[in-house]
Amino acid sequence: MSTADGRHFGKELAERPRAVAQEALQPLRHRDSALSNQELSLVSTAATRNGTVAAVVTTVVTGGAVAAANAFSPRFRSMFGVSGKLALIVTPSLGAFFLRSQQTINQALHDADGFIAPHLAAETVAAPIFQRELSLLQVAANMVYTHPFKTIMSIAGPIYGALFY
């Protein structure tokens, strides 16, 4: 290493505290107004989605690790019961969900306009599609919703008839 490289390295270290101090003197500003209900629902949806993805990935990884340890280690099998093994899977998953959700919310609070703008732009692009009639599946779902006891009897009646025939 030549002396020129060392000189630049030392200069970088000498200027770093100044940059940190200047950055501390210019704190980040938050919005002057609160988020609207639509913006709050966008942030909530994004936080839930990101947290769920993190939880699923963590569940797969920790579940695989616990399953492998259970399959290959007799000591692990005898050391933990079912609840202990389940706790080894669920605890990191919940932690990943809460951590990633909180990071998403903090990101939205840090730069609310920058966080919400892409979501609103993507949402306004889709044009509403109007349809005049409900599909057969939707009509059936409405029938089940409005007449639950008729639905139960129409399903259970033939089953009882088949049993006692």
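For the sequence shown, position 145 matches number 164 in the working numbering, and the numbering has no gaps at all. Cβ atoms here follow ideal geometry from the backbone N, Cα and C, with glycine treated the same way.
What does a CB cutoff of less than 7 Å around residue i pick up in its chain, not counting 5 residues either side in sequence?
{"i": "Arg119", "result": "Asn69, Gly70, Ala73"}
{"i": "Val39", "result": "none"}
Where do the ends of the alpha helix (DSSP H) carrying residue i lie?
{"i": "Gln45", "result": "Taken as a continuous stretch (DSSP letters only), Gln45 belongs to no alpha helix (DSSP H), as it is neither H nor E."}
{"i": "His129", "result": "101-129"}
{"i": "Phe91", "result": "56-91"}
{"i": "Ile171", "result": "167-183"}
CB residue i to CB residue j, shorter than 9 Å?
{"i": "Thr77", "j": "Ser102", "result": "no"}
{"i": "Val80", "j": "Ile135", "result": "no"}
{"i": "Val75", "j": "Lys104", "result": "no"}
{"i": "Ala115", "j": "Ala65", "result": "no"}
{"i": "Glu58", "j": "Ala159", "result": "no"}
Tell me whether residue i sits in a helix, a strand or coil according to DSSP, three-state version.
{"i": "Ala53", "result": "coil"}
{"i": "Leu153", "result": "coil"}
{"i": "Pro147", "result": "coil"}
{"i": "Met20", "result": "Low confidence applies here, because Met20 scores a pLDDT of 48, under 50, leaving its location unreliable; read the following figure in that light. Here Met20 sits in coil by DSSP."}
Under the rule that 16 or more other beta-carbon atoms within 10 Å means buried, what is residue i, buried or exposed?
{"i": "Thr110", "result": "exposed"}
{"i": "Ile174", "result": "exposed"}
{"i": "Ile108", "result": "buried"}
{"i": "Thr165", "result": "exposed"}
Between residue i and the rest of its own chain, which residues show a CB-CB distance below 6 Å, the 5 nearest in sequence each way excluded?
{"i": "Val163", "result": "Thr170"}
{"i": "Met20", "result": "For Met20, the pLDDT reaches just 48, beneath the cut-off of 50, and the residue's location in the model is therefore unreliable, leaving the point undetermined."}
Skipping 5 residues on each side, what residues in its chain have a beta carbon closer than 8 Å to that of residue i?
{"i": "Thr67", "result": "Ser120"}
{"i": "Phe95", "result": "Ala88, Asn89"}
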